[in-house]
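Protein chains in written order, with our numbering: chain A, 285 to 615; chain B, 285 to 615.
These notes are about the structure you will find just below.
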């Protein structure tokens, strides 16, 4: 079932501190060139004193400006992030506060399915927009990965960066046709431990940090296992994603994958046979910014004129869970 | 806009370990009777070795049995919990795994707005059901509060309990009229720090536990401030909640409030002038089980015959954020 939804503005916030592949080679005592070759990331950005809500608010202000609306026009704030700023309350409420909307009453909630949180938030927002429940929804993905990286697990640690993106959506006007054509998500928890942070929630309280190895509270990833599982799932998933539409891959003007790793992007592009001209790949500039990676790439593709009104765009990726998800929409 | 949704089954899981008000009086060196008087909670249950996903899975199995369906009929799993079992991946994926559905592909995601997470999950699920996106959604709220309580802050620590609830929803058959009449949520982040756990997320990593006081990683609550803010907001909120309907409070056969505290329940009942016969209050048996409190009470009210098909039911509460939210639905 198609749902009307129009992206009316996007914005990003990238922390100032630049960390180059060469710096990581030195920091981790690796041969020169190792980090870039393994990750495909030339530069990632790490926070200094930013919080996720501060980054998210800055991205939101830019998105609202680009949309030509005022902050007060927003009537729903969704955080679509894979990381929590605090265990309580939810990210969206903290972002509302940073936007000085603390007396606005704008409803705030979080949607979390790790790296696919933005995609799921956009998908769910379409029902709320199409039905008229809300008129102007702000979706924010703001991620601080740098605090939880395991530098002993070099292959994963060198992939990640911090960053935030925000997207404002509304119902299109009558003469406009922006909508979601199809959306699909599948979760295979057989891969739940392929990428995880075991400790810090209710299973292993932070107080256990004194007794357990630090690894329990850091990101762990089995890249090979993720690769095998997602390779097995991808063909059938893509078939089902397109099944409800009357288009094929050729109709897409842009494919925006989750920027998981340089290798993951190369394999995805090859497997799906996506031409360079439509494949949006910015991992060398930001690294894997968890759920923010897709909306950051969306923002850049729009800014660079690679996506125009009427174009069909695919968002696609995998996330911890393990989940695989995608949306095809008309911009 | 009304949305068709039918609760076809509910289930709960309550941990075996019983903690009485008298035991807490002794543990906290308080005069006999203090805990019960302050909290209204005679008995709360704390986990021994349960995880949130194990509790959620047990509640889900009961809900599926009560619904007369099989686990394999579920085509979407939503976790509506205020606590995370692990920072990564999301709760819903971990619950899928505990249900031995790890190769099912059933999509899993979390919705979090602390104590209102179930209410928001139910509200959002109605769009997915009404539109036909999913046929059978499992919504699970599973909460372990006991691990994060601050026993130096006695007034809040004595309120909480652990527990889980699950609800299965489908589209009603043609001859049935189960639906959501109205739903509303408002967030006022001016109260974001009135109840919070500051540490454990990306703002304060668990490694800081060694350097900061333990309070940073425990639940903090300013009950007076929450009370003042929610009392100010409630009247206008209720008016707007009912505005889109042609019913008044008198039409409700059950009002299921978030079981925040004995005092909060007394004040809510008095302010809204709700007769005992329709007011569902089970806090003395479970305490405040965060987002699980409303679906646990819903499950009991159905089991006890206090809610019958065709009855109008209100779910209502406040949560950290600070948010206020409510749904009115026909069971």
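Think of the CB as a built atom: it goes at the ideal place given N, C-alpha and C, for glycine as much as any other residue.
Closer than 7 Å to chain B by CB, residue i
| i | result |
| --- | --- |
| residue 418(A) | no |
| residue 409(A) | no |
| residue 373(A) | yes |
| residue 604(A) | yes |
| residue 333(A) | no |
| residue 505(A) | no |
| residue 285(A) | yes |
Listed by chain order, chain B residues near residue i by CB distance under 8 Å
| i | result |
| --- | --- |
| residue 493(A) | 490, 491, 493 and 494 |
| residue 523(A) | Near residue 523(A) there are no residues of chain B at all, since even the closest Cβ is about 13 Å away, more than 8 Å. |
| residue 498(A) | 491 |
Chain A contact for residue i (CB, 7 Å cutoff)
| i | result |
| --- | --- |
| residue 474(B) | yes |
| residue 437(B) | no |
| residue 399(B) | no |
| residue 394(B) | yes |
| residue 356(B) | no |
| residue 415(B) | yes |
| residue 311(B) | no |
| residue 404(B) | yes |
| residue 330(B) | no |
| residue 501(B) | yes |
| residue 387(B) | yes |
Residue i versus residue j: straight-line alpha-carbon distance, rounded
| i | j | result |
| --- | --- | --- |
| residue 579(A) | residue 476(A) | 24 Å |
| residue 538(A) | residue 348(A) | 23 Å |
| residue 586(B) | residue 576(A) | 42 Å |
| residue 299(A) | residue 427(A) | 11 Å |
| residue 338(A) | residue 588(B) | 48 Å |
| residue 464(B) | residue 417(A) | 13 Å |
| residue 472(A) | residue 488(B) | 31 Å |
| residue 513(A) | residue 605(A) | 11 Å |
| residue 290(A) | residue 457(A) | 9 Å |
| residue 490(B) | residue 480(A) | 15 Å |
| residue 317(A) | residue 438(A) | 13 Å |
| residue 295(A) | residue 602(A) | 23 Å |
| residue 404(B) | residue 397(B) | 8 Å |
| residue 483(A) | residue 374(B) | 13 Å |
| residue 540(B) | residue 306(B) | 27 Å |
Which listed residue (the options) has its alpha carbon closest to that of residue i
| i | options | result |
| --- | --- | --- |
| residue 401(A) | 373(A), 485(A), 450(A) and 356(A) | 450(A) |
| residue 420(B) | 344(B), 488(B), 481(B) and 468(B) | 344(B) |
| residue 563(B) | 415(B), 543(B) and 576(B) | 543(B) |
| residue 600(B) | 324(B), 558(B), 287(B) and 427(B) | 558(B) |
| residue 399(A) | 429(A), 438(A) and 302(A) | 429(A) |
| residue 354(B) | 326(B), 384(B), 376(B) and 366(B) | 384(B) |
| residue 547(A) | 290(A), 314(A) and 323(A) | 323(A) |
| residue 367(A) | 595(A), 496(A), 452(A) and 573(A) | 573(A) |
| residue 511(A) | 534(A), 414(A) and 549(A) | 549(A) |
| residue 313(B) | 375(B), 435(B) and 414(B) | 435(B) |
| residue 328(A) | 341(A), 308(A) and 315(A) | 308(A) |
| residue 448(A) | 609(A), 303(A), 341(A) and 304(A) | 341(A) |
| residue 293(A) | 326(A), 319(A), 526(A) and 351(A) | 351(A) |
Contact list for residue i against chain A, beta-carbon separation under 7 Å
| i | result |
| --- | --- |
| residue 481(B) | 370, 371 and 372 |
| residue 428(B) | 486 |
9 Å Cβ cut-off: residues of chain B touching residue i
| i | result |
| --- | --- |
| residue 607(A) | 373, 374, 377, 391, 392 and 393 |
| residue 412(A) | 408 and 411 |
| residue 367(A) | 371, 372, 485 and 486 |
Proximal residues of chain A, C-beta to C-beta of residue i below 9 Å
| i | result |
| --- | --- |
| residue 336(B) | 485, 486 and 487 |
| residue 380(B) | 471, 472, 473, 476 and 605 |
Partner residues on chain A for residue i, Cβ-Cβ distance less than 8 Å
| i | result |
| --- | --- |
| residue 432(B) | 371, 486 and 489 |
Residue i Cβ short of 6 Å to the ligand GDP heavy atom set
| i | result |
| --- | --- |
| residue 372(B) | You won't find the ligand GDP in this model; it holds no ligand whatsoever. |
Inset, instruction - Evaluate contact between the stretch 330 to 338 of chain A and the stretch 386 to 400 of chain A, counting only Cβ atoms and requiring at least three cross-stretch pairs below 8 Å. - result: no
Inset, instruction - Taking 8 Å as the threshold, find out whether the stretch 361 to 371 of chain B comes into contact with the stretch 406 to 424 of chain B through three or more Cβ pairs. - result: yes
Legend entry - Meets three-Cβ-pair contact criterion under 8 Å: the stretch 494 to 507 of chain A and the stretch 435 to 443 of chain A: yes
Legend entry - the stretch 565 to 576 of chain A touching the stretch 520 to 536 of chain A, judged by at least three CB pairs closer than 8 Å: no
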